[in-house]
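In the numbering used here, the protein residues as written are 1 to 674.
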């Protein structure tokens, strides 16, 4: 091609800024093969670099974020009975369901703090903590579309307080509390006395007045709405399925509440499957029928294949102890015995063997790591010290069979009633000389004159030194004094008065639930106390029997069971002397005036630092009195499929609170700009 033709071919149209397509075709014709390869390689690198830079910019400036979609299924043990906040505290399954369907004025967050829920903000607290005024959220709707208002709050409180509705557990917490509606979205609570944990009390869930107001107390437990609940929570009921043959509910499905007033959940659906026992639920998990279990014991955790699952380890303000009942056991009425039993428990062994280390040792009612109260030393395992305390208290193994007993002298007329010393002269001295003369090593002269002379004094000294463990050592004396005073008189009455005696074996009984972990703990405790020389009879019963036959009538010598305090501690129901009887929870029938005063004062103090100082002093008193053996606090182990993300909870007030951050759980994600 000559230059003239090339110029003609490559010339641009008038005003054109870019070559036409036919012109570009001519461009490739003039390139040599090597030049074409170089050109295309350059173009490939240029375009590739552009794509790389674009993708790099995209990935650096975007991130995976949760998005709506996905479902979660969980296995629960038991059956729904009342999906109703006023009855739910009595049943674990009901508590779980109401947690998702209903809302309260206040709620817990994932750190265990108490924050507003249906309340717009924290209350205005007046009159030194006796008045709480709440402004309520104004755009909250029940699942049936009706608007939430102050009427619902007042209605729920009144229902709980009315004994005809039989909301036992909640009624106690609201006893003496007055509630009034100020306007449609403002309520006021009045307390007789300040109560520091009152905000935690207000985490109970609210009922819709328009649904329940025309249902009588007799029909409340029978109402259809106990199984077709209407709430304001993040999820609402979709359906439930029953076994046609047995009538039992097999599963229940909740769907996301699109009108939820709070942050909308990412999960669109949650289903619960109900099982008779934990083993059946574990099998369902392994078959892939469910994605999580409400609680897994440490020993069950070892048997479950962990691939595809994650274990969440939540702190939980529950502890287990052995409550001693001094009214049912004269042995446990002795503080020395209670202390020895404390020293005879190897809590570390219990924690490792029963809980496989998933928990904490406790030395008082305050679980370490939950409350800002320093853990005390308490009773560290010391078998020899426990034996020594029992020996000094008269509990001895005289026949070498490994079982301790005490020789009890039955009550008789006291022979020696007053102090005697050198120079005394009366009938009491004659009785003293007569008593001492029965032992030639103590009073070899054996003279009975009625006069307390030098020979009698030396005889008294020999008597005191022979029984120094009971007479001299309690007072710190190394040698006899020759004076007949209180401890000497007591021993003289024991030795010289011919009184009937009985042998009291160191034997007590312990009641607990026939449940795997508690049953194993009771068996291990029995072995540990046998090493002290204590005979322990273990009674394992059903939960129903425990409540009806033992707990309520306080008919047990010792009781192994768990106790749960709120995240704002209030030990009053468990340890104040007024709570010894049902419905109180003082299972040790403990009474101490100083402890009572501290408990009364502490619960009325709003300042946390001042309140916890009262509890620290109370803690020292209760450890000294040893009304119980504080054992351990198990962690709450929650097993969930790894596809469920966003679970950030650290501490739960009760197991149902594992759902407190349910709105943050997710399965699906998408990339979004940062």
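By construction, the Cβ of each residue, glycine as well, lies at the ideal position given by its N, Cα and C atoms.
Backbone CA spacing between residue i and residue j [nearest angstrom]
i           : j           : result
residue 492 : residue 601 : 48 Å
residue 685 : residue 624 : The requested residue 685 is not part of the displayed model; the chain covers only 1 to 674.
residue 91  : residue 470 : 54 Å
residue 661 : residue 118 : 16 Å
residue 106 : residue 120 : 10 Å
residue 264 : residue 663 : 6 Å
residue 214 : residue 172 : 25 Å
residue 353 : residue 520 : 9 Å
residue 304 : residue 183 : 54 Å
residue 307 : residue 152 : 46 Å
residue 451 : residue 481 : 18 Å
residue 48  : residue 55  : 10 Å
residue 569 : residue 639 : 28 Å
residue 294 : residue 333 : 40 Å
Own chain partners of residue i with C-beta closer than 7 Å, once the 5 adjacent residues on each side are dropped
i           : result
residue 385 : 343
residue 367 : 317, 319, 360, 633
residue 2   : Any reading at residue 2 needs caution, since the residue's pLDDT is 47, under 50, leaving its predicted position unreliable; the model's value is listed next. No residues qualify anywhere along the chain.
residue 236 : 101, 143, 254, 255, 257
residue 418 : 428
residue 375 : 363, 368
residue 445 : 455
residue 529 : 341, 344, 536
Backbone secondary structure at residue i - three-state DSSP
i           : result
residue 542 : coil
residue 135 : strand
residue 502 : strand
residue 572 : helix
residue 225 : helix
residue 615 : helix
residue 307 : coil
residue 284 : helix
residue 165 : helix
residue 236 : strand
residue 655 : helix
residue 188 : strand
residue 602 : helix
residue 32  : coil
residue 552 : coil
residue 587 : coil
residue 271 : strand
residue 354 : helix
residue 302 : helix
Contact set for residue i: own chain, Cβ-Cβ below 6 Å, skip 5 residues either direction
i           : result
residue 167 : 86, 160
residue 178 : 190
residue 667 : 70, 643
residue 266 : 66, 68, 666
residue 233 : 100, 101, 102, 103
residue 217 : 164, 165
residue 395 : 404, 406, 506
residue 269 : 71, 255
residue 416 : 489, 492, 493
Residue-level contact to chain B via CB, residue i, 8 Å cutoff
i           : result
residue 201 : Absent here is chain B; the protein component of the structure consists of one chain.
Cβ shell of residue i (< 8 Å), same chain only, five flanking positions each side left out
i           : result
residue 659 : 96, 99, 100
residue 186 : 133, 134, 135, 136, 150
residue 251 : 240, 241, 271, 272, 273, 274
residue 475 : 487
residue 604 : 129, 193, 194, 195, 196
residue 574 : 365, 563, 565, 585, 586, 587
residue 581 : 554
heavy atom of the ligand NAP below 7 Å from residue i C-beta
i          : result
residue 47 : Absence of the ligand NAP is noted for the structure shown, with no ligands found whatsoever.
Indicate whether the contact test is met: 3 or more Cβ pairs, each with one atom in the stretch 351 to 362 and one in the stretch 622 to 642, closer than 8 Å. yes
Could you name each continuous alpha helix (DSSP H) segment of 4 residues or more that falls completely within the stretch 387 to 451, going from the start of the chain to the end? 427 to 436
Would you call the stretch 376 to 393 and the stretch 338 to 355 touching, i.e. three or more CB-CB distances under 8 Å? yes
Below 8 Å, how does it come out for the stretch 651 to 663 and the stretch 615 to 625: are there three or more Cβ pairs, yes or no? no
Flag this pair as touching only if the stretch 316 to 330 and the stretch 594 to 611 have three or more C-beta atom pairs under 8 Å; answer yes or no. no
Are at least three pairs of beta-carbons, each pair with one atom in the stretch 125 to 135 and one in the stretch 71 to 84, less than 8 Å apart? no
Complete runs of the alpha helix (DSSP H) confined to the stretch 469 to 537 [at least 4 residues]: 486 to 496, 516 to 530
Whether or not the stretch 514 to 526 and the stretch 453 to 462 are in contact is what I'm after, with contact meaning three or more pairs of Cβ atoms, one per stretch, closer than 8 Å; do they touch? no
Can at least three beta-carbon pairs, one atom from the stretch 501 to 519 and one from the stretch 534 to 546, be found at a separation below 8 Å? Contact holds: three or more Cβ-Cβ distances are below 8 Å.
How about the stretch 510 to 518 and the stretch 538 to 556: do they share at least three Cβ pairs that are nearer than 8 Å? Counting Cβ pairs under 8 Å, three or more are found: they touch.
For the pair the stretch 205 to 225 and the stretch 138 to 153, tell me if three or more CB-CB distances fall below 8 Å. yes
Enumerate, from N- to C-terminal direction, the unbroken beta strand (DSSP E) stretches of 3 or more residues contained entirely within the stretch 314 to 345. 318 to 324
Where in the stretch 38 to 68 do unbroken runs of the beta strand (DSSP E), each at least 3 residues long, occur, reported from the N-terminal end onward? 62 to 66
Going along the chain, which unbroken runs of the beta strand (DSSP E) with 3 or more residues stay wholly within the stretch 66 to 135? 71 to 77, 106 to 108, 114 to 116, 124 to 126, 131 to 135
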